Amino acid sequence: MIIIVHKEAHKLNHLQQRSAKQRHWLIFSLLLAITLLASACGNNTSKGSAANTGNATEAPPASQQPEQTVEPAAFKTVTTINGEIKIPVKPKRIVAEEYLGSLIALDTIPVGAPGLTLENMYFKEALAGIADTGTYGKMSPERILELEPDLIISGMADSYEALSQIAPTIIVPYGDLKNTHEELTYFGKLLGKEQEAKDWLAQYDKRIAEAKAKVDAVIPADATFSILEHGDKATWAYGDNFGRGGQPVYQALGRKPPAGVAKEIMEKQWAEISAEMLNKYAGDYLIITDNEQTVQDYKDDPIWGSLPAVKNDHIYVWKEGKSWYYDPIAVLSQTEELAAWLTAGQK
Numbered sequence: 056m057i058i059i060v061h062k063e064a065h066k067l068n069h070l071q072q073r074s075a076k077q078r079h080w081l082i083f084s085l086l087l088a089i090t091l092l093a094s095a096c097g098n099n100t101s102k103g104s105a106a107n108t109g110n111a112t113e114a115p116p117a118s119q120q121p122e123q124t125v126e127p128a129a130f131k132t133v134t135t136i137n138g139e140i141k142i143p144v145k146p147k148r149i150v151a152e153e154y155l156g157s158l159i160a161l162d163t164i165p166v167g168a169p170g171l172t173l174e175n176m177y178f179k180e181a182l183a184g185i186a187d188t189g190t191y192g193k194m195s196p197e198r199i200l201e202l203e204p205d206l207i208i209s210g211m212a213d214s215y216e217a218l219s220q221i222a223p224t225i226i227v228p229y230g231d232l233k234n235t236h237e238e239l240t241y242f243g244k245l246l247g248k249e250q251e252a253k254d255w256l257a258q259y260d261k262r263i264a265e266a267k268a269k270v271d272a273v274i275p276a277d278a279t280f281s282i283l284e285h286g287d288k289a290t291w292a293y294g295d296n297f298g299r300g301g302q303p304v305y306q307a308l309g310r311k312p313p314a315g316v317a318k319e320i321m322e323k324q325w326a327e328i329s330a331e332m333l334n335k336y337a338g339d340y341l342i343i344t345d346n347e348q349t350v351q352d353y354k355d356d357p358i359w360g361s362l363p364a365v366k367n368d369h370i371y372v373w374k375e376g377k378s379w380y381y382d383p384i385a386v387l388s389q390t391e392e393l394a395a396w397l398t399a400g401q402k
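The letter at position 234 of the sequence shown is residue 289 when you use the working numbering, and the numbering goes up by one with no holes.
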């Protein structure tokens, strides 16, 4: 029995020693795995801390760092009469119902514009390839859709609902921008072309100053000017921001209308006048839009021919194709044209 017990005890002891060795190996393996894992985590944490705080390790020299290109935002929000509107930062396909001249001055050529706008003689060279979007004031939605615009610019407030269903739409009502500087500055900011606007205006101011100096040298400072349009059944007088020559005469050249009507036409910007009222509205110089009659026709007319301006040959007649447009490019050209007339012996 003793031998049996001894053998069993020896066997049990052997098994216990074997089991202990296995446990030791298992514990060693687990500790090794934990150590390796902790080391890996420690390295990652160290690298993360270095990137975030700059304390754990030094950043590589700038020349060794990958270049990062920060893309500008695709859209920006602008405030309009219709609230805040999200538009492309750099629109590529603009449909312009209005303000085409300002866009062209900023070297931004729209993809579409209404027919009347495309007839503007002052920048014909830039109009090639611009699609006709239909009637001014009532553009064709179908034609606009075909052009896939990313921005629409208009002066017609009642067009907003329809146009805004096609693309982001900016409405700038006619007359809100009072002069060339306001207009170019506004669109320069809208399109991210502020410097281009400043550069263009600098050249504009230079040429306007030269034209004004020539006129001031020969035309008395107190001479009055009237901006008129004559039709078959009515005559209208205009202010300084309604085309027909108002911008070049009253703004660029700094001339004044007759004192008795100055407040009325500058505030309202236009007035319909009868033949009996001509003397009141007629200044020392008349700039008349008329598609039918010539200077000689006015001289031969018993009513018009009796006006001092007509008698003194201080009358300039041009067609609506020249006088109606009031964009910055047109105003500059009109100013220089009128200055040439005024300084060519007209006193």
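Beta carbons are placed, not taken as given, at the ideal position from N, Cα and C, and that holds for glycine.
A quick note: this is a predicted structure, and the numbers were derived from the prediction, not measured.
Own chain partners of residue i with C-beta closer than 6 angstroms, once the 5 adjacent residues on each side are dropped
i, result
"I149", "P165 and L206"
"A289", "E327"
"G167", "V150, A186, T188 and L202"
"I305", "The sequence as given places Tyr at residue 305; Ile does not occur at that position. Contacts found: D295."
"D162", "none"
Contact check, residue i vs residue j, beta carbons under 8 angstroms
i, j, result
"G247", "K145", "yes"
"I208", "I185", "no"
"P223", "I142", "yes"
"P313", "Y336", "yes"
"I342", "L397", "no"
"A371", "L387", "Before going further, note that residue 371 is Tyr rather than Ala in the sequence given. Cβ distance not < 8 angstroms, so Y371 and L387 don't count as in contact."
"Y340", "A364", "yes"
"Y177", "A385", "yes"
"G315", "K267", "no"
"T390", "A307", "yes"
Burial state of residue i, where buried means 16 or more other Cβ atoms lie within 10 Å
i, result
"F280", "buried"
"S361", "exposed"
"N405", "The structure shown does not extend to residue 405, since the chain spans only 56 to 402, so no value can be given for it."
"T349", "exposed"
"A272", "exposed"
"L200", "exposed"
"A276", "exposed"
"P357", "exposed"
"N175", "buried"
"A399", "exposed"
"P228", "exposed"
"P138", "The sequence shown places Gly at residue 138, rather than the Pro named in the question. Under this definition G138 is an exposed residue."
"A264", "exposed"
"G286", "exposed"
Own chain, CB closer than 7 angstroms to residue i, minus 5 neighbours either side, in chain order
i, result
"H236", "L256"
"L173", "L182, I185 and D187"
"P383", "G156, S157, A160, T235, E238, L239 and Y259"
"M194", "E152, P169 and T188"
"W373", "T344"
"E375", "T344 and N346"
"G192", "M211"
"G338", "T279, F280, S281, P312, P313 and A364"
"K233", "N296"
"Y215", "N137, T224 and I226"
Own chain, CB closer than 8 angstroms to residue i, minus 5 neighbours either side, in chain order
i, result
"W379", "G298, R299 and T344"
"E319", "A326"
"K147", "D205"
Simplified DSSP assignment, three categories, for residue i
i, result
"D381", "It should be noted that the sequence gives Tyr, not Asp, for residue 381. Correct three-state label for Y381: coil."
"I221", "coil"
"F297", "coil"
"I149", "strand"
"K318", "helix"
"M194", "strand"
"T344", "strand"
"K374", "coil"
"H285", "strand"
"E327", "strand"
"K141", "strand"
"D187", "strand"
"A268", "helix"
"A252", "helix"
"A399", "coil"
"L158", "helix"
"A337", "coil"
"I208", "strand"
"I136", "coil"
"K131", "strand"
"T390", "helix"
"G167", "strand"
"A307", "helix"
Proximity test, Cβ basis, 8 angstroms: residue i and chain C
i, result
"T349", "This model lacks chain C altogether; it includes just one protein chain."
Decide if the stretch 181 to 197 is in contact with the stretch 235 to 250; the criterion is three or more beta carbon pairs, one per stretch, under 8 angstroms apart.
With a cut-off of 8 angstroms, the stretch 235 to 250 and the stretch 181 to 197 do not count as touching, because too few Cβ pairs lie within range.
Below 8 angstroms, can you find three or more Cβ-Cβ pairs linking the stretch 293 to 304 to the stretch 319 to 333?
Pairwise C-beta distances place the stretch 293 to 304 in contact with the stretch 319 to 333, as three or more of them are shorter than 8 angstroms.
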